[in-house]
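Below is one structure; the comments refer to it alone.
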Amino acid sequence: MDVPADKFGWMYRKNGSDDGLYSIFSGRKGMADYGFVDKFNGMSNLTAFHGHCNALNGTTGDMWPPGSLQNMESVELFIADFCRSIRLKYLTDVLFERVRLRRYWADNQLFNYSFPENRCFCGDVCFPSGVLDISTCRHGAPVVISYPHFLYADPAYEAAVDGLRPDPQKHLFHLDIEPKLGIPVQASARFQINVWVERVEGIKPFENITQRVFYPMFWFENLASADEDTLAKLRLVTEELPQYVTAASFGSIILGGIILLATLIYAIRYTKRPRMTAKVAYIPVQVLK
31 MDVPADKFGW MYRKNGSDDG LYSIFSGRKG MADYGFVDKF NGMSNLTAFH GHCNALNGTT
91 GDMWPPGSLQ NMESVELFIA DFCRSIRLKY LTDVLFERVR LRRYWADNQL FNYSFPENRC
151 FCGDVCFPSG VLDISTCRHG APVVISYPHF LYADPAYEAA VDGLRPDPQK HLFHLDIEPK
211 LGIPVQASAR FQINVWVERV EGIKPFENIT QRVFYPMFWF ENLASADEDT LAKLRLVTEE
271 LPQYVTAASF GSIILGGIIL LATLIYAIRY TKRPRMTAKV AYIPVQVLK
């Protein structure tokens, strides 16, 4: 058996390492696809799932085409660790450090297999809604991901494990993006790693298991936000400069109006000025002999 690594760890080789080779649209031929992933490890489609679920959609989560999110109801990003793209839906507008952002979140439909479009994410067995089977892209390891504490998952998951308290305020995945520039400013990425355990004869801890149990190993959150220097630049470009331009435009209009009014007043006064009639007088000149 070919073992792909000499050690085992949930985050082994993940600290500061790359997760593959990306081909990204640079915007040279147009900004509509700027930042979108064209290929991953040389492939235009993924292989972990079936049908359209293998489509390589969205960006890597660090950029979108400028101006494209003003009225966008959803965004997509590719997550290599999940071997798929996910769709985040618009939730609300937020104000962070005087920068206006649009918040997108991973909703309760992302892992819901009652929707036909999600069925192709099922493996050989379609688990109850609320988890994603990533065993096909993790060397067959019995691993599924979910939201922390099985948030928005089928109640059977929570009932099988003690101590779970799902809370949207603590366990929600969301991304706050500045819509004019397409730059993420604040992120709260939260997911849970689970393994499924089944009855195994001869191993005491597993002999009494009557059905498959999804056991949470840990959940994690990656919190990130732009620093003050970046926020100051964003405020200048997205909030302050447009105000300066607007003020300058109104100033130009007012100044133009004043000049036009002064010109009209001068023209009116000029036309009302009394006109002098010129008369020519001829004086006879005596010629000397």
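For the sequence shown, the numbering used here begins at 31 and goes up steadily by one. All C-beta atoms in this analysis are idealised placements derived from N, C-alpha and C, irrespective of residue type, glycine included.
Next item on the list: Locate the alpha helix (DSSP H) running through residue 119, then write down its first and last residues.
Entry: Taken as a continuous stretch (DSSP letters only), residue 119 belongs to no alpha helix (DSSP H), being part of the beta strand (DSSP E) at 114-126.
Next item on the list: Please report the residue range of the alpha helix (DSSP H) in which residue 261 lies.
Entry: Residue 261 -> alpha helix (DSSP H) spans 258-265.
Next item on the list: Compare the beta carbon distance of residue 136 and residue 116 with 8 Å and say whether it is the shorter of the two.
Entry: yes
Next item on the list: Using a threshold of 8 Å, state whether the C-beta atoms of residue 209 and residue 100 are closer than that.
Entry: yes
Next item on the list: Kindly indicate which residue of 192, 268 and 95 has the alpha-carbon position closest to the one of residue 125.
Entry: 268
Checklist line | Spatial distance of residue 185 from residue 155 (CA atoms) | finding: C-alpha separation (whole angstroms): 18 Å.
Check: What are the start and end residues of the alpha helix (DSSP H) that includes residue 234?
Finding: 234-237
Next item on the list: For residue 159, I'd like the list of residues in its chain whose CB is within less than 7 Å of its CB, leaving aside the five on either flank, ordered along the chain.
Entry: 141, 142, 143, 144, 183 and 184
Notebook entry, point to check: What do you get for residue 214, buried or exposed, if any count of 16 or more other CB atoms within 10 angstroms of its CB means buried?
Noted result: Residue 214 sits buried, since 16 or more C-beta atoms from the chains shown fall within 10 Å of its C-beta.
Item checked: Closest by C-alpha distance to residue 121, when choosing among 62, 132 and 114 -> 132
Next item on the list: Output the boundary residues of the alpha helix (DSSP H) element that contains residue 198.
Entry: 198-201
Next item on the list: Could you name the residues of the same chain whose beta carbon sits closer than 7 Å to that of residue 239, not counting the 5 residues immediately before and after it, in chain order?
Entry: Correct list, in chain order: 227, 228 and 229.
Next item on the list: For residue 75, I'd like the list of residues in its chain whose CB is within less than 7 Å of its CB, leaving aside the five on either flank, ordered along the chain.
Entry: 84, 85 and 86
Check: Looking at the structure shown, is residue 144 part of a helix, part of a strand, or coil, going by DSSP?
Finding: Residue 144 falls in the coil class under three-state DSSP.
Next item on the list: Just the C-alpha distance for residue 60 and residue 290, rounded to the nearest angstrom, thanks.
Entry: 43 Å
Next item on the list: Could you tell me which of 233, 266, 90 and 151 sits nearest to residue 66, measuring between CA atoms?
Entry: 90
Next item on the list: Kindly indicate which three-state DSSP category residue 293 falls into: helix, strand or coil?
Entry: DSSP, reduced to helix, strand and coil, places residue 293 within a helical segment of the structure shown.
Margin query: Can you tell me whether residue 179 is helix, strand or coil according to DSSP?
Written below: Helix, per DSSP.
Next item on the list: Please confirm whether residue 88 and residue 71 have their CB atoms less than 8 Å apart.
Entry: no
Note to self: Just to confirm my understanding: we take residue 252, look at its own chain, exclude 5 residues before and 5 after, and list those with CB closer than 6 Å. What are they?
What the structure shows: So the qualifying residues of the chain are 219.
Next item on the list: Reducing DSSP to helix, strand and coil, say where residue 204 ends up.
Entry: strand
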